[in-house]
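J.:
There are 2 protein chains.
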Amino acid sequence: MNIALAQLNYHIGNFEVNKKKIIQAINHAKDLKADIIVFAEMAICGYPPRDFLEFDDFIEQSNAALQNIAKECDNIAAIIGAPRFNYERKGKKLFNSAFFIADKKIHNIIDKTLLPTYDIFDEYRYFEPNNKFKIIEYQKQKIAITICEDLWNINDDGIYQINPMEALFSMQPDIIINIAASPFSYSQEEERKKILISNVKKYHIPLIYVNHIGAQTEMLFDGGSMAIDLNGLIVEELAYFKEDLQICSLEKLIYSPKEIKIANNKPDKIKKIHDALVMGIKNYFEKQGFQKAILGLSGGIDSAVVLALAVEALGNKNVLAVMLPSQYSSSHSITDAKQLVETLNVKYEIINIQPVVDGFLNTLSPIFKDLPSDVTEENLQARTRGVILMALSNKYGSILLNTSNKSEIAVGYGTLYGDMCGGISVIGDIYKTEVYQLAQYINKDEEIIPQNIILKPPSAELKPNQKDTDTLPDYDILDKILYKYIELRQGPNELIKAGFDKTLVHKILKMVNTNEYKRYQTPPILRVSPKAFGMGRRLPIVAKYLS
Amino acid sequence: MNIALAQLNYHIGNFEVNKKKIIQAINHAKDLKADIIVFAEMAICGYPPRDFLEFDDFIEQSNAALQNIAKECDNIAAIIGAPRFNYERKGKKLFNSAFFIADKKIHNIIDKTLLPTYDIFDEYRYFEPNNKFKIIEYQKQKIAITICEDLWNINDDGIYQINPMEALFSMQPDIIINIAASPFSYSQEEERKKILISNVKKYHIPLIYVNHIGAQTEMLFDGGSMAIDLNGLIVEELAYFKEDLQICSLEKLIYSPKEIKIANNKPDKIKKIHDALVMGIKNYFEKQGFQKAILGLSGGIDSAVVLALAVEALGNKNVLAVMLPSQYSSSHSITDAKQLVETLNVKYEIINIQPVVDGFLNTLSPIFKDLPSDVTEENLQARTRGVILMALSNKYGSILLNTSNKSEIAVGYGTLYGDMCGGISVIGDIYKTEVYQLAQYINKDEEIIPQNIILKPPSAELKPNQKDTDTLPDYDILDKILYKYIELRQGPNELIKAGFDKTLVHKILKMVNTNEYKRYQTPPILRVSPKAFGMGRRLPIVAKYLS
């Protein structure tokens, strides 16, 4: 039995485009003599559709596309994910389902049992969990169809009461097929392989896994669909960050030669982040129907890295870099930025913001009178830049890329409506120390980002001789505390026990918590870590905990 | 048996303040000879704590506060809500629990069974549902303790598989006590009374209901705690939008005189919205530690209504109104605005934005050259206003109130980083047609908002002779379509079937969907409807459905 793994980039709610892609893949698989083709979870509508699921019309459109797709399935079976109405029993209105199609008909439906409702996931918001298990028989093979999370309670020690594979295993399947919508984070590939191989080894059944690729706003899908043989060896591994379709025979998964090794070694975290961000930018523009990007280039490392990524994603012709010096900008800021745009062969503009900043100060002087300068005047500069960048973005129909990093977003070291503007935040899930690693990665073959940008001490350049360290601790200490607080959810006592200075811990945690109001208005942030700001981290603005 | 209903305004994560309030209420109830005092769901930590629940430290602090509170419970029992660790069984890490305290000890714990995970609620994200039922015996009375949603599957026809009251009823309780965190919407009071009275009538058991009051950022709690007698009559109804503590005897609930009528008639929707918004503003400032507000006063109805509400919430001395005319501002805009600030006795500034706008245009002219004027120049004006308002807010340590209404937020008729700036959106959940009703309500006793502001056609005044209706249909048609799409989740076919013009329906739905990117960066919006923009409505930015 030949199984095709179809790893595609879907567009949420774009039923026409998704249907066309799916039918093309079916025809391609027929040409390759596949007996079955497997698509991802929620392939027909794209993932995550979120509250579109509350519209009956949306489900009906998905159903209609499914019927059209079924008609193409002659001489091939298909397994494909889509939402469906719950007509069977009490509970939520929908199931998250896998449809088994053969002879142009839907022969069977499997519903998802384990519904992730943590981090970015909200599946219990929409779906009723399955509680009845069955095996699909096709061409004398017994197939255990599972949907993503259904395989993740392997050790039966997690947040779920049951492990669906236990029930399915008792029915003696010949193969496990898992259709997934498993978003990228830099640790996800390793984690995913560990879980899938554990399932294979525990049940001694080969496994086919099909994931999405592509970006859905902030959520990135890396693909990495795979086939794992009886012995737990990955015998087929599809591309990362690219559409792919491969055929694998069930026989190969049962009698595979022992010498095949696991395809990948431990994946390179920074390379993966890099590839994910490039895809994230590219897909955001493509799916929103935009070609051109604009960004403010300060001469610092953050905007330099974002520019390099944008050029890779969109092409140098489609990116406009804007330098916006003020009276506090150092001369090297412009020369470093110029060197970068010349290396990347990107169009640029230099716009002196001082006249407008002075205009604001003049306008405000009858009110401010002799009040001393403070953060107001710093923010004014950042906001003047924001207005100019947004004006260029409006006039040219381009999207402004936000260049804030995760460290500064965490502690609120940025100006709302100033440098926090943008349609999408490219490196908002990358700590400052990781931004440097990303710069080194970008420079691995040649010096794209000038060494001077990498070496100089970070500064917002909003007042004379300003340095980030005037306000913040060194980034390697800051980032360690932030990582433990944000990613690991460690509280102050654990942090202090780990050896961090008590005063510093309380200062940083307070900064993180009291700046929730700024993050509420941040652009969507491309998610590359297991805990990014955005939908995956939900905190009240008004609160007193640790602040 | 005398039962005290303690309806308090908690501050999320502020364990010291919450504990103090709770202990004060316990002492007050002791003075009133109460046998039991009942607090709301999650009273100790405040609701909703969201992802703070993922921090062990947060739960430990809550536990510590609970232990301190228990020590005060001599000669009185207490029922109080708090999260607790799930040590008992597999599943999520926490339970959402009601603690029964007597003789200074925790005697019993009841966990919540039905965990709302729709609209603004995310309870299944954190909590394992209860599946074992028990009755608490105290002073020979059998008490069925339920937590909020536990009573809401009364007809057993909803999104849940079970109805906890069925199990509890079989144990023959004498009284039902429901501790709740039931957020306000303009239809919630009616809905809540209907559900609670249905429970009483179905089981023929009296009921005590204790809710929160106060605002938690966008989420508003109206209170309205109550005691319902055997016959389904509300014999005690606590204040709305105010802290309150009342005593009710169980005897009264069993032998109440028949002539008591349900306290309220159908509540006045606009009055409720008004009171909710005033509380929302007031609490946002108090809990964030701010006194002073600022807002841009355009001469239009939206900012006029927000100003009137802000003055009521914060006092006229604490609000600064700023008029920001440009070359396109009509003369009546300033005169109308002046009349309003004089009536309200509010300090104001008039700042002509034209010099700064011209400064931006000069700065941009070498780049824009002869490109025709478009939305860019309109946005420039709105953003110049935004920068000036934020500068004043920074300099004076005040919070900028956002004045966008729900109709314009829905269709994207506003400028990101311009008129969409602000710390909190006051009327972002009020359709334009409701803004007029709110203005009439504010004017019910005397003319606060000048008639001219109410009567003139809405205009953004960003280009000559602009009217909202140049771009949008009449608001009474627009708002009807928006309500059906947003609140009722009706799709295009249902809308067209209801008689709306097909082209118009598609145009409006497309505007709503393609402007999700703007709403992502909107300030938090005080929630008064059953479906507000924000956490309760989660939609992808990149999507093609109906756009």
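Protein chains in written order, with this note's numbering: chain Y, 1 to 547; chain R, 548 to 1094.
Glycine residues also receive a C-beta, built at the ideal position from the N, C-alpha and C atoms.
Using a Cβ-Cβ cut-off of 7 Å (strictly less than) and excluding sequence neighbours within five positions of residue 91 (chain Y), which residues of its own chain qualify?
T.: If we look at residue 91 (chain Y) and ignore the five residues flanking it on each side, its Cβ neighbours are 128.
J.: Does the beta carbon of residue 527 (chain Y) come closer than 8 Å to any beta carbon on chain R?
T.: no
J.: Use the C-beta contact count for residue 932 (chain R): other C-beta atoms within 10 angstroms, 16 or more gives buried, fewer gives exposed.
T.: buried
J.: In this structure, does DSSP put residue 536 (chain Y) in helix, strand or coil?
T.: coil
J.: Is the beta carbon of residue 163 (chain Y) less than 8 Å from the beta carbon of residue 153 (chain Y)?
T.: yes
J.: Relative to the alpha-carbon of residue 540 (chain Y), which residue among Y:150, Y:53, Y:180, Y:512 has its alpha-carbon at the smallest distance?
T.: Y:512
J.: Could you tell me how far apart the beta carbons of residue 926 (chain R) and residue 394 (chain Y) are, in whole angstroms, since I believe they sit closer than 8 Å?
T.: 6 Å
J.: Compute the Euclidean distance between the alpha carbons of residue 577 (chain R) and residue 763 (chain R), then round it to the nearest angstrom.
T.: 29 Å
J.: Is residue 727 (chain R) helix, strand or coil by DSSP?
T.: coil
J.: Quick check on residue 360 (chain Y) - is its C-beta less than 8 Å from some C-beta in chain R?
T.: yes
J.: Using the beta-carbon count (16 or more within 10 Å), is residue 1035 (chain R) buried or exposed?
T.: exposed
J.: Assess, as a yes-or-no matter, whether the segment 399–413 of chain Y is touched by the segment 965–981 of chain R under the definition of 3 or more beta carbon pairs within less than 8 Å.
T.: Counting Cβ pairs under 8 Å, fewer than three are found: no touch.
J.: State yes or no: is the beta carbon of residue 1052 (chain R) nearer than 8 Å to at least one beta carbon in chain Y?
T.: Not closer than 8 Å to any Cβ of chain Y, the Cβ of residue 1052 (chain R) fails to qualify, so no.
J.: Figure out for me which residue from Y:56, Y:105, Y:51 has the closest Cα to the Cα of residue 79 (chain Y).
T.: Y:105
J.: What does residue 288 (chain Y) reach in chain B if we use C-beta pairs closer than 7 Å?
T.: Absent from the structure: chain B. Protein chains present are Y and R.
J.: What residue range is occupied by the uninterrupted alpha helix (DSSP H) comprising residue 733 (chain R)?
T.: Here residue 733 (chain R) belongs to no alpha helix (DSSP H), and DSSP marks it neither H nor E.
J.: When the distance is taken between beta carbons, is residue 767 (chain R) closer than 8 Å to residue 982 (chain R)?
T.: no
J.: Could you check whether the segment 689–707 of chain R touches the segment 779–787 of chain R, counting it as contact only if at least three pairs of C-beta atoms, one from each stretch, sit closer than 8 Å?
T.: As far as the Cβ criterion goes, the segment 689–707 of chain R does not touch the segment 779–787 of chain R, which means the pair count is below three.
J.: Taking residue 309 (chain Y) as the query, report the chain R residues whose CB atoms sit under 8 Å from its CB, ordered along the chain.
T.: Ordered by position in chain R, no residue passes the 8 Å Cβ test against residue 309 (chain Y), which lies about 18 Å from the chain.
J.: With DSSP run on the structure shown, which of helix, strand or coil describes residue 107 (chain Y)?
T.: For residue 107 (chain Y), the secondary structure class from DSSP, reduced to helix, strand or coil, is strand.
J.: Would you kindly check if the distance between the Cβ of residue 861 (chain R) and the Cβ of residue 824 (chain R) is under 8 Å?
T.: Cβ atoms of residue 824 (chain R) and residue 861 (chain R): not closer than 8 Å.
J.: Between Y:464, Y:398, Y:289, Y:97, which has its C-alpha nearest residue 375 (chain Y)'s C-alpha?
T.: Y:464
J.: At a CB-CB cut-off below 8 Å, which residues of chain Y make contact with residue 1040 (chain R)?
T.: 57
J.: Going straight from the alpha carbon of residue 1056 (chain R) to that of residue 1032 (chain R), what length do you get?
T.: 8 Å
J.: Determine the burial state of residue 366 (chain Y): buried for a count of at least 16 other Cβ atoms within 10 Å of its Cβ, exposed for fewer.
T.: exposed
J.: Looking at residue 549 (chain R) and residue 734 (chain R), is the spacing between their C-beta atoms short of 8 Å?
T.: no
J.: Does residue 272 (chain Y) pass the burial test, meaning 16 or more other C-beta atoms within 10 Å, or should it be called exposed?
T.: buried
J.: Does any residue of chain Y bring its CB to less than 8 Å from the CB of residue 601 (chain R)?
T.: yes
J.: Which runs of the alpha helix (DSSP H) spanning at least 4 residues fall entirely within the segment 798–847 of chain R, listed in chain order?
T.: 816–835
J.: Figure out for me which residue from R:1026, R:1070, R:745 has the closest Cα to the Cα of residue 1051 (chain R).
T.: Among R:1026, R:1070, R:745, the Cα nearest to that of residue 1051 (chain R) is on R:1026.
J.: Rounding to the nearest angstrom, what Cα-Cα distance links residue 151 (chain Y) and residue 195 (chain Y) in this structure?
T.: 8 Å
J.: Taking C-alpha atoms, which residue in R:679, R:702, R:673 lies nearest to residue 160 (chain Y)?
T.: R:673
J.: Going by beta-carbon coordinates alone, are residue 951 (chain R) and residue 937 (chain R) separated by less than 8 Å?
T.: Going by C-beta atoms, residue 951 (chain R) is not nearer than 8 Å to residue 937 (chain R).
J.: Sorted by chain position, which residues of the same chain lie with C-beta nearer than 7 Å to residue 418 (chain Y)'s C-beta, five sequence neighbours on each side aside?
T.: 379, 382, 383, 385, 386
J.: Does the beta carbon of residue 376 (chain Y) come closer than 8 Å to any beta carbon on chain R?
T.: yes
J.: Start and end of the alpha helix (DSSP H) containing residue 1061 (chain R)?
T.: Segment 1049–1061, the alpha helix (DSSP H) holding residue 1061 (chain R).
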